[in-house]
């Protein structure tokens with residue numbers, strides 16, 4: 001990411017703005033007023049963290065009231081069947097936070113979708129888990145207590161749990177939000193024991209783009225929407241802060257928002273068809289995120305480039321089709337903006353006609369974001385609203401044609 005001020009290379013460590021030479025020591029403004037130090041850390045005091053230096057007191061609230069969340073209801077996938085959801089047919093409002101519609105979810109992760117306008121979202125904090133938001137289209141910035149990161153089509157925007165931020169689209173943006181009940185990070189097998197991305201990883205620290213400067217905003221009585229947990233489940237609260245949360249003059253550490261664009265992911269290919277784990281990009285508790293991208297495919301003379309049929313013994317598989325022409329699904333109704341849900345307990349794979357059609361092909365022009373979960377996924381109200389009821393029977397129809 002960058003070198004520390006001491007000149008040594010420390011994976012993921014970042015310094016932005018003004019920080020004192022020693023942590024937990026006095027840090028004052030030019031008039032002699034003390035800045036207020038905040039530790040934002042994961043797993044208590046036992047994992048990644050950053051130290052932020054505020055002009056105002058970060059815990060000074062002057063109001064608290066209920067924020068009514070968008071519909072979070074879920075419907076079990078019963079009777080069991082594969083599903084096709086047409087996200088481009090899903091009507092949403094234009095607020096990047098309030099108008100997300102729940103498509104799929106379980107107690108580990110929720111997937112929502114929204115098409116924004118150009119108005120900024122409210123200030124927002126997800127206190128339940130990290131968010132990984134895939135930008136299907138559009139450009140803009142995400143402002144946060146850590147600074148500003150720009151986004152563009154193909155970006156994953158990673159937002160650590162409890163980061164106060166807001167979305168500021170420069171143009172209408174299609175956002176596919178993966179909200180965890182945990183943290184989201186690169187797969188452990190890509191990392192050294194000290195946290196550096198290894199040579200076999202399909203991306204490296206140069207591809208991760210975090211804030212580079214402080215972002216200072218003046219203001220009083222500022223509302224922040226907080227999504228959090230109670231014994232009754234997921235709820236929302238509107239907290240009003242005495243001073244603006246974006247009053248951080250500097251911070252350092254290993255915890256902050258960043259973007260990663262799928263163009264910087266280096267697909268791993270092989271002599272025969274490679275399984276989905278080679279396409280993994282992130283992982284959370286009980287789920288993984290993969291991306292299938294344009295790539296050269298199998299070079300064995302008898303290879304079958306499209307996937308073999310496979311049973312999801314331990315997981316539900318969600319594919320969001322975002323670019324190109326997905327070879328294995330031709331004839332199924334799947335297209336750009338589609339989601340396929342292939343649940344555990346059901347063997348799935350290519351359309352029968354796609355197998356012969358793929359023989360001799362040496363390149364796939366396709367892009368998809370996959371989420372595999374290790375607990376069953378329910379359908380959200382948004383998913384039910386745009387389901388293709390004919391999808392489950394397409395393999396049989398294709399085989400009989």
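Numbering (UniProt numbering), first residue to last: 1 to 401.
Don't be surprised by glycine CBs; every beta carbon is placed ideally from N, CA and C.
Keep in mind it's a predicted model, so treat the numbers as computed, not measured.
Within the continuous beta strand (DSSP E) that includes residue 395, where are the two ends? Residue 395: not part of any beta strand (DSSP E); member of the alpha helix (DSSP H) spanning 394–400, first to last residue.
**Asked** Would DSSP call residue 51 helix, strand or coil?
**Response** Looking at residue 51 - three-state DSSP - the assignment turns out to be strand.
message = In the DSSP assignment, the alpha helix (DSSP H) including residue 384 goes from what residue to what residue?
response = First-last of the alpha helix (DSSP H) with residue 384: 381–385.
From the DSSP output, in three-state form, read off residue 27 for me. Here residue 27 carries a coil assignment [DSSP, helix/strand/coil].
TODO: Under 8 Å by Cβ, that's how I've got residue 190 and residue 201 pegged, so tell me the actual separation to the nearest angstrom.
DONE: About 4 Å; that satisfies the 8 Å criterion.
Practice prompt. Could you name the residues of the same chain whose beta carbon sits closer than 6 Å to that of residue 17, not counting the 5 residues immediately before and after it, in chain order?
Written response: Hits under 6 Å: 214, 249 and 250.
Residue 51 and residue 253 look like a contact to me (Cβ under 8 Å); what is the Cβ gap, rounded to whole Å? The pair is a contact, with the Cβ atoms about 6 Å apart (cut-off 8 Å).
Out of 144, 292, 382 and 138, which one is the CA nearest neighbour of residue 169? Per the Cα distances, 138.
* So what does residue 321 bridge to, in DSSP terms? -> Beta-bridge partners of residue 321 (DSSP): 368.
- Rounded to a whole number of angstroms, what is the C-alpha to C-alpha distance between residue 124 and residue 310? Their Cα atoms are separated by approximately 40 Å.
key: Continuous alpha helix (DSSP H) stretch holding residue 61: start and end   = Taken as a continuous stretch (DSSP letters only), residue 61 belongs to no alpha helix (DSSP H), being part of the beta strand (DSSP E) at 61–66.
On the three-state DSSP scale, how would you describe residue 359?
Assignment of residue 359 by DSSP, reduced to helix, strand and coil, places it in the coil class.
What did DSSP end up calling residue 205 once you bin it into helix, strand or coil?
In the structure shown, residue 205 sits in a helix (DSSP, three-state: H, G or I).
Original post:
Alpha carbon to alpha carbon, how far is residue 172 from residue 84?
Top reply: Those two C-alpha atoms are separated by around 25 Å.
* Asked: Smallest Cα separation from residue 330: which of 313, 389, 306 and 314?
  -> Minimum Cα distance to residue 330 is reached at 306.
query = If we ignore side chains and look at the alpha-carbon of each, how far apart do residue 283 and residue 32 end up?
reply = Answer to the nearest angstrom: the Cα atoms are 44 Å apart.
As assigned by DSSP and simplified to three states, the class of residue 262:
Secondary structure at residue 262: helix, using DSSP grouped into helix, strand and coil.
Contact under 9 Å by Cβ, residue 92 with residue 349: Not in contact: residue 92 and residue 349 (Cβ atoms no closer than 9 Å).
CA-to-CA distance, residue 360 to residue 181, given in whole angstroms
The alpha-carbon atoms of residue 181 and residue 360 are separated by roughly 43 Å.
Point to revise | For residue 273, the three-state DSSP class (helix, strand or coil) | key: It is coil, neither helix nor strand.
* Asked: Under a Cβ-count criterion, where at least 16 other Cβ atoms within 10 Å of its own Cβ denotes burial, should residue 393 be classed as buried or exposed?
  -> Taking a 10 Å sphere around the C-beta of residue 393, we find fewer than 16 other C-beta atoms and assign the residue as exposed.
*asked:* Whole angstroms are fine: how far does the CA of residue 265 sit from the CA of residue 303?
replied: Roughly 24 Å separates the two Cα atoms.
| With 16 as the cutoff for other CB atoms within 10 Å, does residue 280 come out buried or exposed? | By the 10 Å Cβ count, residue 280 comes out buried.
request  = Compare the beta carbon distance of residue 402 and residue 127 with 9 Å and say whether it is the shorter of the two.
outcome  = Not covered by the structure: residue 402. The range shown for the chain is 1 to 401.
Q) When the Cβ atoms of the stretch 65–72 are set against those of the stretch 365–378, are three or more pairs found closer than 8 Å? A) The way I'd put it, the stretch 65–72 doesn't touch the stretch 365–378; fewer than three beta-carbon pairs between them come closer than 8 Å.
So, with DSSP's three-state summary, where would you put residue 193?
If DSSP states are grouped into helix, strand and coil, residue 193 belongs with coil.
### Query
Taking the Cβ atom as the reference point for each residue, do residue 326 and residue 368 lie within a distance shorter than 9 Å?
The Cβ-Cβ distance between residue 326 and residue 368 falls below 9 Å.
* Is the beta carbon of residue 336 sitting closer than 9 Å to the one on residue 88? -> With respect to the 9 Å criterion, residue 336 and residue 88 are classified as neighbours on the basis of their beta carbons.
Under 8 Å from any heavy atom of the ligand NAP, does the C-beta of residue 203 make it? Among the ligands in the structure shown, none appear at all, so the ligand NAP cannot be discussed.
> What does a CB cutoff of less than 6 Å around residue 247 pick up in its chain, not counting 5 residues either side in sequence?
Replying inline: The answer, listed in chain order, is 54, 55 and 56.
| Helix, strand or coil: how does DSSP classify residue 169 here? | Of the three classes helix, strand and coil, the one that applies to residue 169 here is strand, per DSSP.
Uninterrupted beta strand (DSSP E) stretches inside the stretch 116–192 (no shorter than 3 residues): DSSP runs (the beta strand (DSSP E)) wholly in the stretch 116–192: 123–126, 131–137, 140–144, 147–151, 155–159, 165–169 and 174–180.
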